[in-house]
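K.L.:
Dropping the structure in here first, questions after.
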Amino acid sequence: STMEETDREAVATAVQRVAGMLQRPDQLDKVEQYRRREARKKASVEARLKVQSLINLNVHSQHERYQVMSRTLNLTGNEELRKNHLHVMYREVAACFLVLLLSCVYSLYFDCGFLYYFFLFLFAVLSVPEIVRETQDLIERGELLQAHRKLMDLECSRDNLMYEQYRMDSKNTHDMNLIHTYFGDMQKLSEELAKQLWMVVQRSLVTVRRDPTLLVTVVRIIEREEKIDRRMLDRKKQTGFIPPGRPKKWKEKMFNILERTVSTRIEGTQADTRESDKMWLVRHLEIIRKYVLDDLLVAKTLLDQSFPPHYDIFKKLLNMYHQALSTRMQELAAEDLEANEIVSLLSWVLNTYESAEMMGNSELSPEVDVNSLNPLISQNVVDQLLSKYMSTLTSNIIGWLRKALETDKKDWIKETEPEADQDGYYQTTLPAIVFQMFEQNLQVAAQINEDLKTKVLLLCLQQMNSFLTRYKDEAQLYKEEHLKNRQYPQCYVQYMIAVINNCQTFKESIISLKRKYLKIEMEDALSSSHTSMDATLDIIAKEGCSSLLDEVFMDLEPHLNELMTKKWLMGSNAVGTICVTVEDYFNDFAKIKKPYKKTMTIEAHRRVVVEYIRAIMLKRISFKNAEERKEGAERMIKEAEQFRFLFKKLAAGSGEDTEGLCDIIEAIAEVIKLTDPSLLYLEVSTLVSKYPDIRDDHIAALLTVRGDASRDMKQTIIETLDQGPSQPNPNYVPIFKEITVPTLTVPKLLK
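Note that the numbering used here has the sequence shown beginning at 215, numbered continuously upward.
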């Protein structure tokens with residue numbers, strides 16, 4: 215039979231080979247060596263045969279599977295599906311041939327003692343497609359640790375195979391590529407597993423609260439990969455070989471993922487824009503504060519326990535958050551921010567960040583030391599923002615003040631009276647609006663630091679100074695417009711009173727603002743500015759009071775013109791009307807605040823007396839006899855008493871001395887009343903000694919009104935008086951210097 219013939223041929227060949235080996239006597243000593251060599255060859259051939267039978271078995275089973283798949287695919291009629299499955303079949307067939315080839319190579323290089331391990335390795339290689347499928351299923355089910363174990367086995371098989379190929383022939387890239395292609399699905403598995411790991415890492419702060427085990431699993435897998443990386447790098451140093459895809463650096467990638475996650479979390483907190491919400495930045499910064507604090511607290515209490523100590527995870531996360539915040543704050547600082555937004559940003563960066571509401575939170579210490587944190591933005595950027603803020607604030611304040619004054623001016627022409635404060639004094643809303651605006655800006659500046667607060671206060675007071683000058687000009691224009699038509703505005707007097715009262719409110723508010731926001735050592739720097747503002751306010755108030763008195767005396771003019779006339783002597787009630795009119799006006803003037811009201815009363819009293827004396831000096835009447843002089847003088851004394859009573863009543867509680875002014879009228883009356891002309895010089899000299907500002911023309915006019923002094927007598931009295939001593943009252947305020955005496959004009963001479 216064929217088998218018997220084969221056996222005979224094998225025996226004949228063996229005999230021939232043995233005969234060839236033993237041709238010389240000395241070769242007999244090497245029989246044992248020959249025997250061992252032939253035994254090795256025999257074992258190698260047997261091993262190759264066993265491998266081939268295994269492969270044949272594998273190929274046969276694969277062939278049967280492919281036939282079933284092929285028939286099924288043909289029945290479905292789905293061309294795309296058929297192509298995909300055929301591609302898989304061709305790859306697996308190619309892999310079997312690759313393994314067949316490699317097994318032959320191994321059989322030549324390995325001795326029989328290693329064959330056992332080689333067979334195990336071969337089984338692993340042949341089962342690659344199956345392991346890939348199992349691993350894919352494990353990943354999809356979320357069993358990451360088991361999936362990674364299988365992936366490591368696959369990688370180990372591929373890496374060892376490639377390493378042996380590298381050792382045999384490092385330049386044979388064709389065979390290397392064959393192995394790499396065969397294990398191609400394994401690379402996708404590694405990527406898929408990594409994807410799952412990074413998803414867990416991205417959500418680590420949530421995962422650690424819900425399922426800390428999952429996070430621990432991910433860290434264990436990364437640690438395994440780090441060890442393999444180190445081993446492969448060590449082998450590379452020794453042999454020059456490193457498998458594809460190594461080192462994976464999954465730990466480094468994990469930190470990169472965490473860093474990107476932190477950045478995205480910070481950036482993603484901006485929900486609004488300026489267009490949709492004016493408070494967008496405040497909201498954005500508050501959300502950042504809350505998120506960062508919550509995240510770091512979780513990181514410290516829970517995350518730290520899920521990572522090995524050498525990861526120093528909390529410190530690294532802290533640095534990531536700090537860096538992400540620094541980047542975000544610099545981005546915000548570079549935007550075109552409004553003044554209030556600059557303050558919000560700087561306040562957050564300089565104060566909130568290190569406060570107990572954030573990094574200074576007691577639960578974060580001692581790991582977080584606010585003193586060792588670097589600034590979120592550089593001092594240069596801070597200075598630029600502050601400079602921009604001051605510039606914007608300056609133009610804003612100028613605009614606000616201008617608008618406030620324009621609004622106030624519109625009130626001045628209303629037909630309704632201004633509002634009164636709790637004490638009944640007229641006022642407008644201007645001081646409240648101005649100082650509320652200053653107060654708000656100072657409170658905002660105080661959030662940043664003392665230095666900015668002081669700068670803002672200086673700015674406010676500087677702009678206030680300019681504003682008061684405009685206020686003064688507008689009050690003057692208001693008066694001038696009113697004089698063109700005294701019927702308009704209807705409530706002119708009441709609004710002028712409000713303007714005067716505002717001056718007092720402004721004074722009080724400036725003092726209050728300085729006391730609240732200015733350090734004592736800065737007082738001197740502002741004293742000149744304060745003095746200037748007070749002076750301007752006093753001018754506004756004084757001019758306002760003066761314009762109101764002008765109103766009074768314009769109404770009194772026809773009645774003042776009746777004084778010292780024939781009509782007056784015959785019993786005119788001009789002074790009675792004057793007193794009623796003044797009192798009526800002063801009912802309104804009661805709404806003027808005290809310092810100004812007192813000034814108004816004194817000035818009104820003074821002007822009434824001046825106008826009365828002026829009426830005397832106008833020489834409208836010249837008494838014809840002693841009877842008329844007596845009657846006129848008594849009327850003057852009576853009217854002086856009326857004025858005294860009126861102004862005492864008006865000045866009630868003010869402590870004003872109302873006696874002295876009316877005494878002048880009485881003193882003049884005594885000169886007119888005198889019946890003995892020889893005593894006239896004495897009486898006049900007494901008058902002049904009390905009131906030394908009386909001029910010669912005043913005495914001449916007075917003697918003219920008296921009506922009985924000749925020109926020579928007037929001349930003698932005046933010349934003699936010039937040599938006499940004066941004894942004025944130390945409290946006397948000159949009054950005659952304001953009074954002019956008319957000289958005779960040509961028309962009068964013609965008369």
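The beta-carbon is built from N, C-alpha and C at its ideal position, and this holds for glycine as well.
Just mark ILE830 as buried or exposed, buried being the case when its beta carbon has 16 or more other beta carbons within 10 Å.
P.N.:
Looking at its Cβ environment, which holds 16 or more other Cβ atoms inside 10 Å, ILE830 is buried.
K.L.:
So for ALA640, helix, strand or coil by DSSP?
P.N.:
Per the sequence presented here, residue 640 reads as Tyr, with Ala not at that position. TYR640 falls in the strand class under three-state DSSP.
K.L.:
In chain order, what residues of the same chain lie with their CB nearer than 6 Å to the CB of ASP325, ignoring the 5 residues before and after it?
P.N.:
The pLDDT assigned to ASP325 is 43, lower than 50, so where the model puts this residue is not dependable, and the model offers no usable value.
K.L.:
Considering only the alpha carbon of each residue, which of HIS536, GLY785, PRO944 lies closest to SER1050?
P.N.:
The structure shown does not extend to residue 1050, since the chain is modelled only from 215 to 965, so the question has no answer here.
K.L.:
Just to confirm before moving on: does the CB-CB distance between VAL432 and VAL414 stay below 7 Å?
P.N.:
Yes, these two residues count as a Cβ contact at 7 Å.
K.L.:
Between the C-alpha atoms of SER175 and GLY574, what's the straight-line distance to the nearest angstrom?
P.N.:
Lying before the first or after the last residue shown, residue 175 is absent from the chain, which here runs from 215 to 965.
K.L.:
Please classify ALA881: does DSSP put it in a helix, a strand, or coil?
P.N.:
Helix, per DSSP.
K.L.:
Please confirm whether ILE480 and ARG542 have their CB atoms less than 7 Å apart.
P.N.:
It is a contact, given that the beta carbons lie within the stated cut-off.
K.L.:
Look at the alpha carbon of HIS394 and the alpha carbon of ARG449, and state the distance between them as a whole number of angstroms.
P.N.:
Near 19 Å, if we compare the C-alpha coordinates of ARG449 and HIS394.
K.L.:
Does any residue of chain D bring its CB to less than 7 Å from the CB of GLY846?
P.N.:
Absent from the structure is chain D; it holds one protein chain and no more.
K.L.:
Would you list the residues sitting across from ALA634 in a DSSP beta bridge?
P.N.:
TYR640, per the DSSP bridge assignment.
K.L.:
Is TRP494 closer than 7 Å to THR487 when the C-beta atoms are compared?
P.N.:
Taking 7 Å as the Cβ cut-off, THR487 and TRP494 qualify as a contacting pair.
K.L.:
Could I get the ranges of all uninterrupted alpha helix (DSSP H) runs contained in the region 780-834, with 4 residues as the minimum, in chain order?
P.N.:
Taking only runs of at least 4 residues, the alpha helix (DSSP H) segments lying wholly in the region 780-834 are 780-783, 788-803, 808-831.
K.L.:
Can you tell me which of GLU466, LYS833, SER924, THR791 puts its alpha carbon nearest to the alpha carbon of LYS780?
P.N.:
The shortest Cα separation from LYS780 among GLU466, LYS833, SER924, THR791 belongs to LYS833.
K.L.:
Checking 7 Å against the spacing of the C-beta atoms, do CYS759 and MET814 come in under that value?
P.N.:
In this structure, MET814 lies closer than 7 Å to CYS759 by Cβ.
K.L.:
Could you spell out where the alpha helix (DSSP H) holding ASP443 opens and where it closes?
P.N.:
Start and end: 426-453.
K.L.:
Whose C-beta lies closer than 7 Å to the C-beta of ALA660 among residues of the same chain, with five residues either side of it excluded?
P.N.:
Contacts found: LYS667.
K.L.:
Are the beta-carbon atoms belonging to GLU776 and ALA788 less than 7 Å from one another?
P.N.:
Result yes, Cβ atoms of GLU776 and ALA788 sit closer than 7 Å.
K.L.:
Can you check the region 459-508 for any alpha helix (DSSP H) of at least 4 residues that lies completely inside it and give the ranges in chain order?
P.N.:
Listed in chain order, they are 464-481.
K.L.:
Within 10 angstroms of the Cβ of LEU615, are there 16 or more other Cβ atoms? Answer buried if so, exposed if not.
P.N.:
LEU615 is buried by the Cβ-count criterion.
K.L.:
Please go through the same chain and pick out, in chain order, the residues whose beta-carbon is closer than 8 Å to the beta-carbon of ARG347, but skip the five residues on each side of it.
P.N.:
The answer is none, since no qualifying residue turns up.
K.L.:
Tell me, please, whether the region 783-798 touches the region 710-729 by the rule of three or more beta-carbon pairs shorter than 8 Å.
P.N.:
The region 783-798 vs the region 710-729: no contact.
K.L.:
Find the nearest neighbour of LEU644 within the set ASP622, LYS504, GLN636, judged by alpha-carbon distance.
P.N.:
When each option's Cα is compared against that of LEU644, the closest is ASP622.
K.L.:
Return the chain-ordered list of same chain residues with a C-beta closer than 8 Å to the C-beta of VAL707, the five sequence neighbours on each side being excluded.
P.N.:
Here the set comprises LEU762, GLU765, TYR799, ASP802.
K.L.:
By how many angstroms is the C-alpha of LEU600 removed from the C-alpha of PHE652?
P.N.:
Roughly 18 Å between the two C-alpha positions.
K.L.:
Mind checking which residues open and close the alpha helix (DSSP H) that includes GLU897?
P.N.:
Note, GLU897: alpha helix (DSSP H), 894-904.
K.L.:
Which residue from ILE908, TYR946, MET604 puts its Cα closest to that of THR954?
P.N.:
Among ILE908, TYR946, MET604, the Cα nearest to that of THR954 belongs to ILE908.
K.L.:
With distances taken Cα to Cα, identify the nearest neighbour of LEU619 among ALA881, ILE647, GLU631.
P.N.:
It is ILE647.
K.L.:
Residues in its own chain within less than 7 Å of ARG821 by CB, not counting five upstream and five downstream?
P.N.:
For ARG821, where only same-chain residues beyond five positions count, the Cβ hits under 7 Å are LEU763, PHE767.
K.L.:
Which first and last residues belong to the alpha helix (DSSP H) in which VAL557 is found?
P.N.:
Unbroken alpha helix (DSSP H) run through VAL557: 553-564.
K.L.:
Can you tell which of ILE725, LEU732, TYR702, TYR640 has its C-alpha closest to the C-alpha of LEU672?
P.N.:
Answer by Cα proximity: LEU732.
K.L.:
Relative to the alpha-carbon of LEU539, which residue among LEU564, PRO956, SER490, TYR905 has its alpha-carbon at the smallest distance?
P.N.:
Cα-wise, what sits closest to LEU539 is LEU564.
K.L.:
In this structure, how does DSSP classify VAL414 when only helix, strand and coil are distinguished?
P.N.:
Of the three classes helix, strand and coil, the one that applies to VAL414 here is helix, per DSSP.
K.L.:
Can you tell me whether PRO522 is buried or exposed, with buried defined as 16 or more other CB within 10 angstroms of its CB?
P.N.:
Classification for PRO522: exposed.
K.L.:
Using a threshold of 7 Å, state whether the C-beta atoms of GLN379 and ASP389 are closer than that.
P.N.:
In this structure, ASP389 lies closer than 7 Å to GLN379 by Cβ.
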